[in-house]
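Let me begin by presenting the structure, written as structure tokens, before commenting on it.
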Amino acid sequence: MKSMKVLACYNIKGGVGKTAAAVNLAWLAARDGARTLVWDLDPQGAATFYFRIKPKVKGGAKDLLRRKRPMPDSIKGTDYEGLDLVPADFHTATWTWCLTRSSARRAACTRF
Ligand SMILES: Nc1ncnc2c1ncn2[C@@H]1O[C@H](COP(=O)(O)OP(=O)(O)OP(=O)(O)O)[C@@H](O)[C@H]1O
Ligand SMILES: [Mg+2]
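For the sequence shown, this note's numbering begins at 1 and goes up steadily by one.
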């Protein structure tokens, strides 16, 4: 069984191509046969928009992070084979602040 690889695109500067990089890397991975999931954690929802999916998560992304709701409930298929998406959720706008304050932030972000 292949192990899961997690890639995150992060840069404090705006408009430098984070979303474009994430979306294109995801597409390339899926094209090369890797089952790929994009989790759009940016409340702007641009990656979700690129894949023409509605930015709405049942119960909110917070429930996913806290494991109150199973991830598969929120996964949407895209137009591309092997490439799925967990849509953006506006409420993640405060996450950077919340996670910075949380001593369990590393564990919270690596559970998936
Ligand atoms: N390699 C590239 N060549 C040309 N244009 C690009 C390239 N990568 C991104 N762009 C364009 O630059 C703009 C900003 O890209 P993108 O939205 O990916 O940045 P971002 O870092 O996610 O921005 P934000 O901080 O607002 O989330 C977009 O219009 C995108 O189409
Ligand atoms: Mg972006």
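Ideal Cβ positions, reconstructed from N, Cα and C, are used throughout, including at glycine. Remember, it's a predicted structure, so these values are computed and weren't measured experimentally.
- Per the DSSP secondary-structure output, K76 pairs in a beta bridge with L85.
- In this structure, I75 sits near V86, with a CB-CB distance shorter than 8 angstroms.
- In the pairwise beta carbon analysis, the region 10-27 is classified as not touching the region 59-66: fewer than three pairs are separated by under 8 angstroms.
- When the beta-carbon positions are compared, D40 and A8 stay at least 8 angstroms from each other.
- In the DSSP secondary-structure assignment, L64 is not bridged to any residue.
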